[in-house]
Amino acid sequence: MPGVSCTVEEQIEALRDVAGNDAVALIRDEPDERIMAIVKNWPRDFAPERARALGFRAEDTFRQIVETYIAEDLKR
Numbered sequence: 022m023p024g025v026s027c028t029v030e031e032q033i034e035a036l037r038d039v040a041g042n043d044a045v046a047l048i049r050d051e052p053d054e055r056i057m058a059i060v061k062n063w064p065r066d067f068a069p070e071r072a073r074a075l076g077f078r079a080e081d082t083f084r085q086i087v088e089t090y091i092a093e094d095l096k097r
């Protein structure tokens, strides 16, 4: 499936760019073993060409993911 590969630091910077320092201030650095067990199995590098050829689409940057979330899901 198409997706974006980025670091946590890049995710935080995208959030800061879109939503500001107040949003970033809500982040807590508290490791959670349950979440780590899920995330450690995520692929780091992937080739989405076949999925894209089948019509699947994704944002190109994490900033776009944040912007889409705010526009489509945050106010629900």
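Residue numbering for the sequence shown follows the working numbering, starting at 22 and increasing by one per position.
Even for Gly, the Cβ is constructed at its ideal location relative to N, Cα and C.
As the structure is a prediction and not an experimental result, all values here were calculated from the model.
Unbroken alpha helix (DSSP H) runs of length 4 or more, entirely within the segment 22-63: which are they?
29-40, 42-45, 54-60
With three or more C-beta pairs closer than 8 Å as the rule, is the segment 82-94 touching the segment 22-34?
yes
Looking at Ala35 and Val87, is the spacing between their C-beta atoms short of 8 Å?
Within the sequence shown, the letter at position 66 stands for residue 87. Within the sequence shown, the letter at position 14 stands for residue 35. The answer is yes: Cβ separation under 8 Å.
Arg49 versus Ile33: straight-line alpha-carbon distance, rounded:
Numbered from its first residue, the sequence shown carries residue 49 at position 28. Numbered from its first residue, the sequence shown carries residue 33 at position 12. About 12 Å.
Using a Cβ-Cβ cut-off of 7 Å (strictly less than) and excluding sequence neighbours within five positions of Glu31, which residues of its own chain qualify?
The count along the sequence shown starts at 1 and reaches residue 31 at position 10. The residues are Phe83.
Alpha carbon to alpha carbon, how far is Phe77 from Ala40?
Stepping through the sequence shown from its first residue, residue 77 is reached at position 56. Stepping through the sequence shown from its first residue, residue 40 is reached at position 19. Cα to Cα, Phe77 sits roughly 27 Å from Ala40.
Just to check my reading of the structure: Ala58 and Met22 have Cβ atoms closer than 8 Å, yes? What is that Cβ distance to the nearest angstrom?
Translated into the one-based positions of the sequence shown, residue 58 becomes position 37. Translated into the one-based positions of the sequence shown, residue 22 becomes position 1. Incorrect: roughly 21 Å between the Cβ atoms, too far for contact.
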